[in-house]
Each structure stands twice: as C-alpha cells, then as structure tokens.
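Asks: So that we are looking at the same thing, I have put the structure below in structure tokens.
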Amino acid sequence: DEFTKKHLQGFQETTFALIKPDGLKNMGRIIDMILANGFLIKELRMCKLSLEDAQNFYKAHAGKPFYEALTQFMANGLCVAMDLVAENAVKRWRTLLGPTNSEEARDRDPSSIRALFGTNNTHNACHGSDSLENAKKESAFFFRDRNFGSCARLENCTLCIIK
Ligand code: UDP
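Be aware that the sequence shown starts at 84, since it is given in full-length UniProt numbering, and climbs by one per residue.
And the structure:
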C-alpha cells in the first residue's frame, strides 16, 4: 500500500554514476544494465568536463603517476552523469561496475560493466562513488543547478518533473 511504499523509500539510497568519455558509445547498453539491475535513474545529464573540472573531480589522485592521463581523458569527450536510486545503491553500483582495471575485470568479473565496455586501468567506461558522502558531493557538483525549480537554460521551463 501507499504507506509501505513511502516507508520503504526511506531505505533507498542515491549514488552517483558517470559514464566516462570512452563509455559514451555504449551508453544505451550501460543504461539497459542499470535499469535491468533495478536502479531508478533520478537525474541524468550529458556534459563535457573542463580540464579543471576533471582535476577537481579526481583531486584525491593528484600527484599520482596516472593523474595527468586520467584528467586529460576525462576532459576529452562527453560524459553522462546520473543519480541512481536503489537499496544499497553505492555498493550495488560498484559491484555492477566490477574491478577498476577493465583488463582485470574481464578475468574476475566478465559480466561487469568495466569488463564489457572498458579498455584498461584508466579507460574503464564508468565511475561510481565509493561512499554515500562522496555520492552527495559528486552529485551536487554535476547537478548544481537542479534546485532552480526550472531548467537553468530554458527560462520558465515546466518540463522538469523532479525538482
Ligand atoms: N586509475 C588509473 N590508474 C590506476 C588507478 C586508477 O588511471 O592505476 C583511474 C581509473 O580511471 C579509475 C580512477 O582513476 O576509475 C579512480 O581510481 P580509483 O582507485 O578511485 O578507482 P575507482 O573507484 O574508479 O574504481
């Protein structure tokens, strides 16, 4: 009933997912897997990160040997940002992604997203937040104009159903 539904919704969590530039060509298949695995897509937008955005997004890795290549790669094409809702969403999305390195993913978890659509340790198709706290931060960055009540670019847009 309605009460139970509302009550259960309280136990759902939201994670942040990003299709990286190398995953874009498989966006349809990735979204199919997201939906088939019971996630609700609450927000979705395509965007292109500036190099500064990419450096900021991966600032925890600043100084590591792969940082330069990683940030260049992230700023070198379109990304698809999503808020995914499910019970245990943070953990379940990371599981669906598989290991960070797509080559390793093909050995250890061949049906995972990174095994299927990524290439190597840097080009691995998708990102998933590693904690609820980071999910909130990352989502806030990508959807920072969501609380305007109407689309930030289309004045008086009434199409948005999620405020
Ligand atoms: N990465 C890389 N080389 C490495 C480790 C990571 O290029 O040796 C990239 C890869 O794209 C990864 C991102 O940096 O997704 C963030 O690394 P992290 O260890 O946080 O892995 P994730 O949480 O994305 O699985």
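Note that CB positions come from ideal geometry on N, CA and C, so glycine has one too. Remember, predicted model here, so these are calculated numbers, not experimental data.
On a Cα-Cα basis, can you pick out the residue from A158, F99, L153 and D166 that is closest to A203?
Replies: Indexing the sequence shown from 1 puts residue 203 at position 120. In the sequence under discussion, the amino acid at residue 203 is Asn, which differs from the Ala named in the question. It is L153 whose Cα lies nearest to the Cα of N203.
Asks: In whole angstroms, give me the CA-to-CA distance for S133 and E85.
Replies: Counted from its first residue, the sequence shown places residue 133 at position 50. Counted from its first residue, the sequence shown places residue 85 at position 2. Approximately 44 Å, taken between the alpha carbons.
Asks: Going by the DSSP bridge assignment, what does I124 pair with across the sheet?
Replies: Your numbering for residue 124 matches position 41 in the sequence shown. According to DSSP, I124 bridges with L167.
Asks: Can you name, in chain order, every residue of its own chain whose Cβ lies under 8 Å from the Cβ of F226, other than the five neighbours on each side?
Replies: Taking the sequence shown and counting its residues from 1, the one referred to as residue 226 is at position 143. Result list for F226: E126, R128, A164 and D166, in chain order.
Asks: Write down the C-beta distance between A169 and S185 rounded to the nearest angstrom, noting that I regard them as a contact closer than 8 Å.
Replies: Here residue 169 refers to the residue found at position 86 when the sequence shown is read from its first residue. Here residue 185 refers to the residue found at position 102 when the sequence shown is read from its first residue. That belief does not hold up - the Cβ atoms of A169 and S185 are roughly 23 Å apart, past 8 Å.
Asks: From this set, I113, Q138 and F94, which residue's C-alpha is nearest W176's C-alpha?
Replies: Within the sequence shown, the letter at position 93 stands for residue 176. Selected option, being the one with the closest Cα: I113.
Asks: Say the cut is 7 Å; is the CB of L134 nearer than that to a heavy atom of the ligand UDP?
Replies: For the purposes of this step, residue 134 is taken as residue 51 along the sequence shown, with counting starting at 1. No - the ligand UDP has no heavy atom lying nearer than 7 Å to the Cβ of L134.
Asks: So is the beta-carbon of L153 under 7 Å away from any non-hydrogen atom of the ligand UDP?
Replies: In the sequence shown, counting from the first residue as 1, residue 153 sits at position 70. Yes, the ligand UDP has a heavy atom inside 7 Å of this Cβ.
Asks: Taking the continuous beta strand (DSSP E) assigned at G211, which residues delimit it?
Replies: Along the sequence shown, one-based indexing puts residue 211 at 128. Start and end: C209 to G211.
Asks: Compute the distance between the beta-carbons of T178 and N207, then report whether it is under 8 Å.
Replies: The count along the sequence shown starts at 1 and reaches residue 178 at position 95. The count along the sequence shown starts at 1 and reaches residue 207 at position 124. Result no, Cβ atoms of T178 and N207 do not sit closer than 8 Å.
Asks: Is T98 close to the ligand UDP? I mean its beta-carbon at under 7 Å from any heavy atom of the ligand.
Replies: Here residue 98 refers to the residue found at position 15 when the sequence shown is read from its first residue. T98 Cβ: outside cutoff for every heavy atom of the ligand UDP.
Asks: For chain D, check one thing: does any of its Cβ atoms lie closer than 8 Å to the Cβ of A164?
Replies: The structure shown contains no chain D; it holds only a single protein chain.
Asks: Pull up the DSSP beta-bridge partners for L161, would you.
Replies: Locating residue 161 in the sequence shown gives position 78, counting from the first residue. Per DSSP, K131.
Asks: Within 10 Å of its beta-carbon, does P193 have 16 or more other beta-carbons around it, so buried, or fewer, so exposed?
Replies: Counting from 1 along the sequence shown, the entry for residue 193 is found at position 110. It counts as exposed.
Asks: Among the residues of its own chain, which have a CB less than 6 Å from the CB of I245, if the five just before and after it don't count?
Replies: As a working note, residue 245 is residue 162 in the sequence shown. Confidence in I245 is poor, its pLDDT being 46 and thus under 50, which makes the residue's placement too unreliable to answer from.
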